[in-house]
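Respectively, the protein sequence lines represent chains A and B. Using the UniProt record's numbering, you'd call the opening residue of the first sequence number 1 and step up by one each time. Using the UniProt record's numbering, you'd call the opening residue of the second sequence number 1 and step up by one each time. We treat Cβ as the ideally placed atom computed from N, Cα and C, and that holds for glycine. Just so it is clear, the structure is predicted and the values come from calculations on it, not from any experiment.
Number of protein chains: 2
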Amino acid sequence: MAQSSISPPLQFCVAVIGVGLVGSEFVSQLWSFPGPSPFRIVLLATSRNLIFQPDGIPKTTSAQLKAEVSALGLPFDAPFIARELSGLVKPGQKVVIVDNTSSDDIASLYPTWLRLGIEVITPNKKAYSGPLNLYEDILNASSETGARFLNESTVGAGLPVISTLKDLVATGDKVTRIEGVFSGTMSYIFNQFSTGSTEGPSFSSVVKFAREKGYTEPNPADDLNGTDVARKLTILSRLIPSLRQQLPAGFSSVDTASLVPEGLANAASGDVFVQDLPKYDEEFDKLRQDATKDGSVLRFVGVIDVEKNLIKAGLERYPVTHPFATSLGGSDNIIMFHSERYSPRPLIIQGAGAGAAVTAMGVMSDLLKLAY
Amino acid sequence: MAQSSISPPLQFCVAVIGVGLVGSEFVSQLWSFPGPSPFRIVLLATSRNLIFQPDGIPKTTSAQLKAEVSALGLPFDAPFIARELSGLVKPGQKVVIVDNTSSDDIASLYPTWLRLGIEVITPNKKAYSGPLNLYEDILNASSETGARFLNESTVGAGLPVISTLKDLVATGDKVTRIEGVFSGTMSYIFNQFSTGSTEGPSFSSVVKFAREKGYTEPNPADDLNGTDVARKLTILSRLIPSLRQQLPAGFSSVDTASLVPEGLANAASGDVFVQDLPKYDEEFDKLRQDATKDGSVLRFVGVIDVEKNLIKAGLERYPVTHPFATSLGGSDNIIMFHSERYSPRPLIIQGAGAGAAVTAMGVMSDLLKLAY
Numbered sequence: 001m002a003q004s005s006i007s008p009p010l011q012f013c014v015a016v017i018g019v020g021l022v023g024s025e026f027v028s029q030l031w032s033f034p035g036p037s038p039f040r041i042v043l044l045a046t047s048r049n050l051i052f053q054p055d056g057i058p059k060t061t062s063a064q065l066k067a068e069v070s071a072l073g074l075p076f077d078a079p080f081i082a083r084e085l086s087g088l089v090k091p092g093q094k095v096v097i098v099d100n101t102s103s104d105d106i107a108s109l110y111p112t113w114l115r116l117g118i119e120v121i122t123p124n125k126k127a128y129s130g131p132l133n134l135y136e137d138i139l140n141a142s143s144e145t146g147a148r149f150l151n152e153s154t155v156g157a158g159l160p161v162i163s164t165l166k167d168l169v170a171t172g173d174k175v176t177r178i179e180g181v182f183s184g185t186m187s188y189i190f191n192q193f194s195t196g197s198t199e200g201p202s203f204s205s206v207v208k209f210a211r212e213k214g215y216t217e218p219n220p221a222d223d224l225n226g227t228d229v230a231r232k233l234t235i236l237s238r239l240i241p242s243l244r245q246q247l248p249a250g251f252s253s254v255d256t257a258s259l260v261p262e263g264l265a266n267a268a269s270g271d272v273f274v275q276d277l278p279k280y281d282e283e284f285d286k287l288r289q290d291a292t293k294d295g296s297v298l299r300f301v302g303v304i305d306v307e308k309n310l311i312k313a314g315l316e317r318y319p320v321t322h323p324f325a326t327s328l329g330g331s332d333n334i335i336m337f338h339s340e341r342y343s344p345r346p347l348i349i350q351g352a353g354a355g356a357a358v359t360a361m362g363v364m365s366d367l368l369k370l371a372y
Numbered sequence: 001m002a003q004s005s006i007s008p009p010l011q012f013c014v015a016v017i018g019v020g021l022v023g024s025e026f027v028s029q030l031w032s033f034p035g036p037s038p039f040r041i042v043l044l045a046t047s048r049n050l051i052f053q054p055d056g057i058p059k060t061t062s063a064q065l066k067a068e069v070s071a072l073g074l075p076f077d078a079p080f081i082a083r084e085l086s087g088l089v090k091p092g093q094k095v096v097i098v099d100n101t102s103s104d105d106i107a108s109l110y111p112t113w114l115r116l117g118i119e120v121i122t123p124n125k126k127a128y129s130g131p132l133n134l135y136e137d138i139l140n141a142s143s144e145t146g147a148r149f150l151n152e153s154t155v156g157a158g159l160p161v162i163s164t165l166k167d168l169v170a171t172g173d174k175v176t177r178i179e180g181v182f183s184g185t186m187s188y189i190f191n192q193f194s195t196g197s198t199e200g201p202s203f204s205s206v207v208k209f210a211r212e213k214g215y216t217e218p219n220p221a222d223d224l225n226g227t228d229v230a231r232k233l234t235i236l237s238r239l240i241p242s243l244r245q246q247l248p249a250g251f252s253s254v255d256t257a258s259l260v261p262e263g264l265a266n267a268a269s270g271d272v273f274v275q276d277l278p279k280y281d282e283e284f285d286k287l288r289q290d291a292t293k294d295g296s297v298l299r300f301v302g303v304i305d306v307e308k309n310l311i312k313a314g315l316e317r318y319p320v321t322h323p324f325a326t327s328l329g330g331s332d333n334i335i336m337f338h339s340e341r342y343s344p345r346p347l348i349i350q351g352a353g354a355g356a357a358v359t360a361m362g363v364m365s366d367l368l369k370l371a372y
């Protein structure tokens, strides 16, 4: 009879590495999970310290999480983490490491963890947008043990971008083109700078204001160089079977047209960068004028053209009637999937693509995928 | 050691009830699943016949599926289905019924199946948009045995609408308002009829053309009465905890402003309906004129206002700059989620919301959620 098939629900030991903005928001979402929760947090770690309690770390005020871990924790110890967590993997109980850092060192540990049967969830783009051999090692490790890796929030934060692409591919659709505004910072800058009008604020003033608001990296060059977009394109393109091995070096293999002026490539700091950027306002204004004459706006986009094997990031013009002009605002991401089924009109996903709450939501929704 | 935790992957016995357009497309997607598939189809049924092979029905040309089942099958027998399928539920093997019908009778069986430990996946809106007691019986049955029910394709077909709403709720976001164009037919009709211009085709001519193209039900009154939208609003609102019990009678409790003229409420057939509809063109033209004077377009939308406990379907005006005017085209659905996190700018999902291929994709993606 059916009753015999009902096993007790899986339990999940969750280890959280990185308890900054995203990490502490994630912990707070997890501790607020309603009803009987299958999740308990067994480990909290900063880059320097860790707390490990296999029976579950009691709920606390997560506002002070980082300080608490620093004050009470043991020194950070990667072999200790792998050893202790793998000891918790057993039938009926899964162990999940949630990496909320942006560390390359932590990312390089995913294959080890997966081989120990530990699942990995992360908003950290490093492992999935880096060299192909690390990515393939992750795929192999996962298929060896069945431990899963999920990284929804590496593209579009809480927006269902990766899950949608996976569904399109797994259900046999043929994705032909993905095109989108993938950087919240770039979205904000060009939504302000290029509206289809010939007049408007100078490029440098928009960047300066965005930096003051905290919308850019400390040095805006780290946004304007397009690396973030190239990383996201790498992550998506590897989910498309025919493009899986297209980018051997990862994001640096993407055809990226940086917006950092050559003369500022080596600016000593963010302060220097924004101070010197006005020298290039005329160039950016010319681009805007040309677009406007053409009935277009400028947007910094990422494009994956599957048929042409083309993966590129850069500034493009879109007609003022295009959704990238009409529908976009704030620092929204927008992603269009063109496929055999979604043709001639694409599947579109739009919304905030950055911020601690929505990034943590993407992480939490991955955790829920493992459990439900 | 971790190795001990690796169990063989779950196997899935899939029973497909309804092998018309969506059903046969689903079967085709399932049979095309790449790599070692954990799925085997054990039952295929039309409303009159069924084929049952517990070891798996061999792959065939699904173009003739319906004819094959009719020619070779036993008579349809619901108790037989429940009995035989529940016998296949065992540790390591799940049984999934995929209901591709639009039958109320089949929908009423979900609680029985779930109580036998059989999972249920469906694009059939009936069970989830009907009386609250059936819905609650489904919830209870599922929680008693742990068998799951998934119905992504009941709203927006393959678009990730239900999964996104579930993620928002489960991760602790506070959804404040959902607003969207939920009917592909209504989308097509008003995208053609109301473009922000005072001139345009008559309402009846747009409806007549849509019917000829196969975009409407045989009797367009079945689209224009708003029932389909009311059903989708019911399904979504029940996923929001504070609205779960808001619609005791289901879709008929939704505040729906039908577009069927009173004089045509009892039209004997679709032919009669489109023949007499021109009598009402003046009324619809007046609505268009008024909207245009206002700088707006007309769209038939569904709204869930969580704070006001308001769930309504009807014709609304949107400024010509609104995404419902600028971004929408064809017979696209568009759904906006406003929440505490996605504020002031909403999370938006847009794309084809009807058609066999994308509906079957939603069904298949639900099946993949059970397996991966």
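Under 7 Å between beta-carbons, which chain B residues line up against residue i? List them in chain order, please.
i               : result
V14 of chain A  : What V14 of chain A touches in chain B: nothing, since even the nearest Cβ is about 14 Å away.
A357 of chain A : R341
S32 of chain A  : G172
T365 of chain A : Inspection of the sequence shows that residue 365 of chain A is occupied by Ser rather than by Thr. The answer, in chain order, is D167, T171.
Here's a check: name, in chain order, each residue in its chain whose Cβ is nearer than 6 Å to the Cβ of residue i, leaving out the five neighbours to either side.
i               : result
G56 of chain B  : R40
S269 of chain A : none
G250 of chain A : S129, G130, P131, T234
T359 of chain A : V22, P123, S153, A157
R48 of chain B  : F76
M186 of chain A : F300
Check whether chain B comes within 8 Å of residue i, counting only Cβ atoms and requiring the distance to be less than that.
i               : result
Q350 of chain A : yes
Y342 of chain A : yes
R244 of chain A : no
S163 of chain A : yes
M186 of chain A : no
R238 of chain A : no
S194 of chain A : no
L43 of chain A  : no
G146 of chain A : yes
L368 of chain A : yes
Any Cβ of chain A within less than 8 Å of the Cβ of residue i?
i               : result
T234 of chain B : no
P38 of chain B  : no
S204 of chain B : no
G330 of chain B : yes
P160 of chain B : yes
D167 of chain B : yes
P9 of chain B   : yes
G23 of chain B  : no
A2 of chain B   : Low confidence applies here, because A2 of chain B scores a pLDDT of 38, under 50, leaving its location unreliable; read the following figure in that light. So yes, A2 of chain B belongs to the interface.
Kindly list, in the order they appear in chain A, the residues whose Cβ is closer than 8 Å to that of residue i.
i               : result
Q29 of chain B  : T171, G172
T321 of chain B : T326
What does residue i pair with, by DSSP beta-bridge criteria?
i                      : result
G180 of chain A        : A:G302, A:I335
L247 of chain B        : Note: L247 of chain B sits in no beta bridge, so no partner.
A311 of chain A        : It is worth fixing the name first, because residue 311 of chain A is Ile in this sequence and not Ala. Per DSSP, A:I304.
residue 412 of chain B : The displayed coordinates of chain B run from 1 to 372. Any statement about residue 412 of chain B would go beyond what the structure contains.
S365 of chain B        : Answer by DSSP bridge pairing: none, since S365 of chain B is not bridged.
A352 of chain A        : A:D332
L370 of chain A        : L370 of chain A pairs with nothing; no bridge assigned.
T256 of chain B        : B:A313
S296 of chain B        : B:P319
L43 of chain A         : A:A15, A:F52
Using the beta-carbon of each residue, which ones in chain B are nearer than 9 Å to residue i?
i               : result
L150 of chain A : Near L150 of chain A there are no residues of chain B at all, since even the closest Cβ is about 10 Å away, more than 9 Å.
G214 of chain A : Under the 9 Å cutoff, chain B gives no residues; its nearest Cβ is about 17 Å from G214 of chain A.
Within its chain, find whatever has a CB closer than 8 Å to the CB of residue i; leave out the 5 residues flanking it on each side and keep chain order.
i               : result
V169 of chain B : V175, L239, I240, P241
L109 of chain B : A78, A82
Between which residues of its own chain and residue i is the CB-CB distance below 7 Å, once the five residues before and five after are set aside?
i               : result
F33 of chain B  : F39
A141 of chain A : P111, L114, R115
Any Cβ of chain E within less than 8 Å of the Cβ of residue i?
i               : result
R345 of chain B : Note that chain E does not occur in the displayed structure, where the protein chains are A and B.
Taking residue i as the query, report the chain B residues whose CB atoms sit under 8 Å from its CB, ordered along the chain.
i               : result
G200 of chain A : Simply none; closest approach about 18 Å.
Within the segment 45-95 of chain A, note down every full alpha helix (DSSP H) run reaching 4 residues or more, in order along the chain. 65-72, 78-86
Those runs of the beta strand (DSSP E) which lie wholly inside the segment 97-185 of chain A and span at least 3 residues: 119-121, 175-181
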